[in-house]
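If you're matching positions, the sequence shown starts at 27 in my numbering and goes up one per residue. Remarks on the structure that follows.
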Amino acid sequence: MKRIAKISIWVLLATVLLPVSTSAQSRRDKEQTYVLEQPYEVTRIVSPQGKKIKNVVLMIGDGMSLMHVYSAWTANRGKLFLDNCQTVGLSKTYCANKLITDSGAGGTAIATGQKTNYHYVGVDPEGRPLQSLVDLASAKGKSTGLAVTCRLWDATPADFCCHNKDRDAEEDVVTGYVDCKADYVFGGGAQFFENRKDGRNLFEELREKGFQTPRTWDELAAIGSGKVFAVPYPKDTPLPAERGDLLARASLKGIELLNQNKKGFFMMIEGSQLDDYGHFNDLDLLMQETHDFDRTIGAIYEWAAKDGETLVVVTADHETGGLTLVDGDLKQGKIVCKFSTGSHSGVMVPVYAFGPGAEEFTGIYENTAIFDKIKKLLKL
């Protein structure tokens, strides 16, 4: 872990994307063993009994399949906060022009209710902008927000705020945030908000629109109200072991601010780097990120249980890495896994629901149905 922590995510990603990557291939050819040395406690969180749905929190584990969840469950000695969910469904992830999707098309389907082409963000197959849950909730008078561990030009957060036929047009993609209807945004990626080739400073433009733009956690923590666009990191947030419970803190901070709106809120939270570590075929980092996401789920479940009017939906946009659990020991928290690809695979992904309206998410359905169900329940 110490050796890996010194390597930037971008160096690792560049390695994975080489036409022939001997390191990635060697990882795929071998079984990897992981043991969670210090399992974390998981409490029983009881869902509220009311039926009113004022808020929805949508949580996306990028690249997370049932195998990721079950592997993480085994490593934590048979316990996850995710297990407190009331209902489970399965989502079909294929996109408009390919069987195996990506976060652009997969996230757009969840965000907008329409399937689109591979690598497209927030647009239909003809390139026309689509309205997302952020747009619709805002139009209904609700507050809206995003909290992610990746750079904000990455596909999943962009699917909710930006519109582009090419997710790799990163400098162009992030300009969409200037006109986005989100009231709270937290993530990485400051690099393309300032010192841009076109001379624009997107932070200045956001401030002109009434946003506070804290650049450190301490600055963000001190804010008590108003619109916030927080980008403390030039690219991704730090590795899981370095950032601690940052995603949970950033998510709860967003909820604190958004919940000041008496009409309610919609928020999307992403465990972004599951996808990266699936691409890297790095079981150690993948489990660290999955457990961090699960602890964040626990924090959100606890808040929702006390609130009583918040539905929490947890899902994925696709699977990454073709992860397979081939052996292990539940008592020892030991898992033995293999990866079959450095890219995405085509399995259905789980949908977990907690809170009022959870019963709507059982069954097998298209990924676009997640949008439809949330839209219906929030009366958007």
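Cβ coordinates follow ideal geometry from the N, Cα and C atoms, glycine included.
Through-space distance from residue j to residue i, alpha-carbon basis
i: I86; j: Q286; result: 24 Å
i: C121; j: T263; result: 28 Å
i: L403; j: G383; result: 7 Å
i: T239; j: Y210; result: 10 Å
i: G89; j: T182; result: 11 Å
i: V257; j: F229; result: 9 Å
i: R11; j: K56; result: It is not possible to answer for residue 11, since the shown part of the chain is limited to 27 through 406.
i: G381; j: T100; result: 25 Å
i: K405; j: W329; result: 22 Å
i: K168; j: S97; result: 37 Å
i: D109; j: T134; result: 27 Å
i: N393; j: L159; result: 14 Å
i: T175; j: L246; result: 15 Å
i: K261; j: G215; result: 4 Å
i: E231; j: M294; result: 23 Å
i: K401; j: V82; result: 10 Å
i: V352; j: G359; result: 14 Å
i: C111; j: A325; result: 13 Å
i: V340; j: T350; result: 21 Å
i: C363; j: P65; result: 19 Å
i: S366; j: I390; result: 25 Å
i: K77; j: S164; result: 22 Å
i: Q299; j: A342; result: 12 Å
i: L356; j: A173; result: 32 Å
i: Y327; j: G290; result: 17 Å
i: I396; j: A379; result: 11 Å
i: E67; j: S371; result: 32 Å
i: R53; j: V200; result: 34 Å
i: Q58; j: G104; result: 20 Å
i: L10; j: D333; result: Outside the modelled stretch of the chain, which goes from 27 to 406, sits residue 10, for which no answer is possible.
i: K207; j: T388; result: 30 Å
i: A407; j: K399; result: Look at the range of the chain in this structure, 27 to 406, and you will see that residue 407 is not part of it.
i: Q75; j: E386; result: 15 Å
i: R29; j: H94; result: Unreliable placement is indicated for R29, whose pLDDT of 38 sits below 50; no coordinate value is reported for it.
i: E63; j: T346; result: 25 Å
i: G348; j: K288; result: 43 Å
i: D271; j: D318; result: 7 Å
Range covered by the beta strand (DSSP E) that runs through residue i
i: A173; result: 169-177
i: C363; result: 360-364
i: L337; result: 336-341
i: T350; result: 350-355
i: F380; result: 375-380
i: F219; result: Unbroken run through F219: none, as it is neither H nor E.
i: Q58; result: 58-61
i: L125; result: Segment: none, L125 is in no beta strand (DSSP E) and carries neither H nor E.
i: T113; result: 113-118
i: I86; result: 81-87
Run of the alpha helix (DSSP H) containing residue i, from where it starts to where it stops
i: T134; result: 129-138
i: E392; result: Unbroken run through E392 is the beta strand (DSSP E), 389-392; no alpha helix (DSSP H).
i: S91; result: Where S91 is concerned, there is no enclosing alpha helix (DSSP H), given that its DSSP letter is neither H nor E.
i: V199; result: 196-199
i: L228; result: 228-234
i: T182; result: 181-187
Nearest residue (CA-CA) to residue i, options the options
i: G236; options: E328, K223, S251; result: S251
i: D205; options: T394, R233, V257, D194; result: R233
i: Q126; options: V375, D398, I390, E385; result: It should be pointed out that residue 126 corresponds to Ile in this sequence rather than to Gln. Among V375, D398, I390, E385, the Cα nearest to that of I126 belongs to V375.
i: V24; options: V377, T138, I396, N393; result: Nothing can be reported for residue 24, as the shown portion of the chain is limited to 27 through 406.
i: L283; options: G270, G372, L62, V254; result: V254
i: T138; options: M93, F186, S73; result: F186
i: K279; options: T322, L312, D318; result: T322
i: G213; options: T350, E296, F292; result: E296
i: W179; options: A276, D198, T119, I396; result: D198
i: G202; options: R241, K223, P155, D244; result: P155
i: S316; options: D194, T388, L106; result: At residue 316 the sequence reads Thr, which differs from the Ser that was named. Cα-wise, what sits closest to T316 is L106.
i: I361; options: L309, E268, D161; result: L309
i: A184; options: H145, R54, K166, S73; result: H145
i: S73; options: G347, V338, G354; result: V338
i: L92; options: Y259, S117, K207; result: S117
i: Q314; options: G304, G171, P266; result: P266
i: T69; options: D128, A331, Q140; result: A331
i: N307; options: L273, S369, R269; result: S369
i: G193; options: D128, K223, N227; result: Per the sequence shown, the amino acid found at residue 193 is Arg instead of Gly. Minimum Cα distance to R193 is reached at D128.
i: I136; options: V373, G354, G348, H344; result: H344
Rounded distance between the beta-carbons of residue j and residue i, thought under 8 Å
i: G132; j: K191; result: Actually they do not touch by this definition, with Cβ atoms about 16 Å apart.
i: E335; j: I79; result: 6 Å
i: N102; j: N123; result: That belief does not hold up - the Cβ atoms of N102 and N123 are roughly 38 Å apart, past 8 Å.
i: E196; j: F218; result: 6 Å
i: T148; j: H189; result: It should be pointed out that residue 148 corresponds to Gly in this sequence rather than to Thr. That pair is a contact at about 4 Å.
i: D150; j: Q140; result: 6 Å
i: F170; j: F292; result: Note on residue identity: the sequence assigns Thr, not Phe, to residue 170. About 5 Å separates the two Cβ atoms, so the contact holds.
Any C-beta of chain B under 8 Å from that of residue i
i: T346; result: In the displayed structure, chain B is absent; only one protein chain is listed.
At 4 residues or longer, and completely inside the region 237-324: list those alpha helix (DSSP H) runs for me, N to C.
243-247, 266-269, 272-284, 299-305
In chain order, which continuous runs of the alpha helix (DSSP H) of length 4 or greater are located wholly inside the region 136-167?
159-165
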